[in-house]
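This report refers to the structure that appears directly beneath it.
Residue numbers (the numbering used here): 4 to 459.
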């Protein structure tokens, strides 16, 4: 091999090595950017859950304080129902935070028992069985405890905001089994949990907008002909599939709600319990109903319950509803349905159902979001293709399902999106990509318990 040939060969080798090096650098850069994007999404979801938790803990304290000042069943029932609802939201948000390695048993037990107590008390006949002195004392204790929890949550929030603490860093600390004292936020959660221990002897007895905003929107949405009490009873019998001779007590909710409604207490002789229900005076729309009873051994599956829920909504003339989420809690199935408009999932128009898994009864119904948001829409066609939208998703995400959905963004504006459900590193994500400009509108990391087969 002559000298010129050697030089050419050497230059070719150097060139190939340079190309390989540049390729490796580019690949590493892409990997780093993708990992960073996913970390940002996860951190945003943790921050959102934490700030929502702080907001709802504030609401719990306020609502318990208001309940203590009330003296009639007409006011107590909806007030305690609000405590139950907001506590349920706080429980869900608490579960979304990476706190598995520290002891939060007492706090979680408090939220569970508060939810259970407020729920069962709210649906009790307080005219026949008013709150006892012991129960009022319990409410006062709970109110005091909610102040302690709120103080530590807000203290943690202030630290996160002031120090720029990252929940991903906190999660890494716990995965490395470091002590909670290495994070001021975790220390506050530990203090909060210890403060709850002082109330552990309480005898609990036999269970994305504030409710004020939602109720105000309901008042605007509930229009139409004013119905009589007899007409409201007829609607209730149809919704609950009960006979003509079943006893129904009905009153006007009055000033306890921001929207005009009838409050109904309906006998259920089959289970020796009662249903409780609100129906709007204008338009005669059922807003919610609940039944509390002992659920026997499970005899039907969650899929069977989902079919029963779908048939129930069809019977009540809710057309085009699709199941988007289903969960099982012991022997109760909790289902979320949304309206579908020409293959577009309209997430704003949602209805929640609870189904007993012993006999398939509909135990609970909540349609506030549907009532507020449902309307005729002229939904535009997407400006970009679903293939173009997929390019904005981390390629490491294994996409399991694709849909088109209408959601509200942070400004309260409805936006058309491509919805992707996917998995990465055993974590499940729901990703919404704007169908007009390809921007990422919302990414939600779903809790581990919500496996993919829950979505249909």
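In this text, a Cβ means the ideal position worked out from N, Cα and C, and glycines have one as well.
Which residue from 345, 342, 308 puts its Cα closest to that of residue 334? Numbered from 1 along the chain shown, position 331 holds the residue referred to as residue 334. Scanning 345, 342, 308 for the CA closest to the CA of residue 334 turns up 308.
Anticipated Cβ contact below 8 Å, residue 387 with residue 438, distance rounded: By 1-based counting over the chain shown, the position of residue 387 is 384. By 1-based counting over the chain shown, the position of residue 438 is 435. Confirmed, Cβ separation roughly 6 Å.
Going by alpha carbons, who is nearest to residue 270 out of 250, 156, 389? Translated into the one-based positions of the chain shown, residue 270 becomes position 267. Nearest option by C-alpha distance: 250.
Strictly under 8 Å for the Cβ-Cβ distance: is residue 431 near chain C by that measure? As a matter of chain content, chain C is missing from the structure shown, which is built from one protein chain.
Nearest candidate by alpha-carbon position, reference residue 67, set 57, 86, 52, 81: Against the chain shown, residue 67 aligns to sequence position 64. Comparing Cα positions, the closest option is 86.
Nearest neighbour of residue 417, chosen from 125, 351, 390, 389 [CA to CA]: Position 414 of the chain shown holds residue 417. Distance from the Cα of residue 417 is smallest, within the candidate group 125, 351, 390, 389, for 351.
With DSSP collapsed to three states, give me the class of residue 159. Position 156 of the chain shown, counted from the first residue, corresponds to residue 159. Here residue 159 sits in helix by DSSP.
When the Cα atoms are used, what is the spatial distance from residue 444 to residue 348? Locating residue 444 in the chain shown gives position 441, counting from the first residue. Locating residue 348 in the chain shown gives position 345, counting from the first residue. Each residue's Cα considered, the two are about 15 Å apart.
Can you name, in chain order, every residue of its own chain whose Cβ lies under 6 Å from the Cβ of residue 204, other than the five neighbours on each side? Residue numbering aside, residue 204 sits at position 201 when the chain shown is read from its first letter. In this prediction, residue 204 has a pLDDT of 45, which is less than 50 and means its spatial position is unreliable; what the coordinates show is noted afterwards. There are no such residues.
Taking buried to mean at least 16 other C-beta atoms within 10 Å of its own C-beta, is residue 432 buried or exposed? For this step, residue 432 is matched to residue 429 along the chain shown. In summary, residue 432 is buried, with 16 or more beta-carbon neighbours lying within 10 Å of its beta-carbon over all protein chains present.
Work out the CA separation of residue 366 and residue 98 for me, nearest whole Å. As a working note, residue 98 is residue 95 in the chain shown. As a working note, residue 366 is residue 363 in the chain shown. Near 24 Å, if we compare the C-alpha coordinates of residue 366 and residue 98.
Where does residue 346 sit, in a helix, a strand or coil, going by DSSP? Here residue 346 refers to the residue found at position 343 of the chain shown. In the three-state reduction of the DSSP assignment, residue 346 falls in the coil class.
As assigned by DSSP and simplified to three states, the class of residue 493: Since the first residue of the chain shown is 4 and the last is 459, residue 493 is not available in this structure.
According to DSSP, residues forming a beta bridge with residue 331: Counted from its first residue, the chain shown places residue 331 at position 328. Partner(s): 336.
Quick check on the DSSP output: the beta strand (DSSP E) that includes residue 294 runs from which residue to which? The residue given as residue 294 occupies position 291 in the chain shown. For residue 294, the enclosing beta strand (DSSP E) starts and ends at 289-294.
Would you please state the rounded distance, in angstroms, between the beta carbons of residue 142 and residue 92? I believe it to be under 8 Å. Counting from one through the chain shown, the residue named residue 142 turns up at place 139. Counting from one through the chain shown, the residue named residue 92 turns up at place 89. Actually they do not touch by this definition, with Cβ atoms about 20 Å apart.
Which word fits residue 182, buried or exposed, when buried means at least 16 other C-beta atoms lie within 10 angstroms of its C-beta? As a working mapping, residue 182 is identified with position 179 in the chain shown. At residue 182, the pLDDT of 49 sits below 50, so the modelled position is not reliable; the number obtained from the coordinates is stated separately. So residue 182 counts as exposed.
Do residue 311 and residue 324 have their CB atoms nearer than 8 Å? Looking up residue 311 in the chain shown gives position 308. Looking up residue 324 in the chain shown gives position 321. Not a contact, by the Cβ cut-off of 8 Å.
With a 10 Å radius around its C-beta and 16 neighbouring C-beta atoms as the bar for buried, classify residue 399 as buried or exposed. Indexing the chain shown from 1 puts residue 399 at position 396. Exposed, by the Cβ-count rule.
For residue 251: DSSP bridge partner residues: For the purposes of this step, residue 251 is taken as residue 248 along the chain shown, with counting starting at 1. 269, per the DSSP bridge assignment.
Indicate whether residue 262 and residue 228 have their beta-carbon atoms separated by less than 8 Å. Start at 1 with the first residue of the chain shown, and residue 262 comes out as number 259. Start at 1 with the first residue of the chain shown, and residue 228 comes out as number 225. No. Outside cutoff.
Can you tell me the Cα-Cα spacing of residue 111 and residue 268, whole angstroms? As a working mapping, residue 111 is identified with position 108 in the chain shown. As a working mapping, residue 268 is identified with position 265 in the chain shown. Approximately 31 Å between the Cα atoms of the pair.
Going by the CB atoms, is the gap between residue 389 and residue 344 shorter than 8 Å? Along the chain shown, read from residue 1 onward, the residue named residue 344 stands at position 341. Along the chain shown, read from residue 1 onward, the residue named residue 389 stands at position 386. No, Cβ-Cβ distance for residue 344 and residue 389 is not below 8 Å.
Expressed to the nearest angstrom, what Euclidean distance is found between the alpha-carbon atoms of residue 55 and residue 96? As a first step, residue 55 is located in the chain shown; it is residue number 52 there, counting from the start. As a first step, residue 96 is located in the chain shown; it is residue number 93 there, counting from the start. Taking C-alpha positions only, residue 55 is separated from residue 96 by approximately 7 Å.
Mind checking whether residue 305 and residue 329 have CB atoms under 8 Å apart? Here residue 305 corresponds to residue number 302 of the chain shown, with the count starting at 1. Here residue 329 corresponds to residue number 326 of the chain shown, with the count starting at 1. Yes, these two residues count as a Cβ contact at 8 Å.
Our contact map puts residue 117 next to residue 100 with C-beta atoms below 8 Å; I'd like the distance itself, whole angstroms only. Start at 1 with the first residue of the chain shown, and residue 117 comes out as number 114. Start at 1 with the first residue of the chain shown, and residue 100 comes out as number 97. At roughly 18 Å, the Cβ-Cβ gap does not stay under 8 Å, so residue 117 and residue 100 are not in contact.
Are the CB atoms of residue 264 and residue 3 within a distance shorter than 8 Å? Because the chain is modelled from 4 through 459, residue 3 falls outside the range shown and cannot be assessed.
Below 7 Å CB to CB, which residues in the same chain sit around residue 353 once its five sequence neighbours on both sides are set aside? Here the question's residue 353 lines up with position 350 in the chain shown. Its chain contains 339, 340, 341, 372, 373 as the residues whose beta carbon lies nearer than 7 Å to that of residue 353, once the 5 sequence neighbours on both sides are disregarded; these appear in chain order.
Quick one: measure Cβ to Cβ for residue 395 and residue 436, integer angstroms, because I've assumed they're closer than 8 Å. Indexing the chain shown from 1 puts residue 395 at position 392. Indexing the chain shown from 1 puts residue 436 at position 433. Contact between residue 395 and residue 436 holds, since their C-beta atoms are separated by about 5 Å, short of 8 Å.
Residue 231, DSSP secondary structure in three states: Here residue 231 is taken as the residue at index 228 of the chain shown, counted from 1. Reduced to three states, the DSSP call for residue 231 is coil.
Go ahead and pull the three-state DSSP assignment for residue 443. As a working mapping, residue 443 is identified with position 440 in the chain shown. In this structure, residue 443 counts as strand in the three-state DSSP scheme.
For residue 122, which of 80, 152, 147 has the nearest alpha-carbon? Start at 1 with the first residue of the chain shown, and residue 122 comes out as number 119. Nearest C-alpha to residue 122: 80.
Can you tell me whether DSSP reads residue 321 as helix, strand or coil? Numbered from 1 along the chain shown, position 318 holds the residue referred to as residue 321. DSSP, read as helix, strand or coil, puts residue 321 in coil.
Whole angstroms are fine: how far does the CA of residue 359 sit from the CA of residue 332? Numbered from its first residue, the chain shown carries residue 332 at position 329. Numbered from its first residue, the chain shown carries residue 359 at position 356. Rounded to whole angstroms, the gap between the alpha carbons of residue 332 and residue 359 is 10 Å.
What three-state label does DSSP hand residue 399 in the structure shown? As a first step, residue 399 is located in the chain shown; it is residue number 396 there, counting from the start. In the structure shown, residue 399 sits in coil (DSSP, three-state: anything other than H, G, I, E or B).
Restricting to Cα atoms, I'd like to know which of 415, 408, 412 is closest to residue 424. On the chain shown, residue 424 is found 421 positions in, with the first residue counted as 1. Considering only alpha carbons, the answer is 408.
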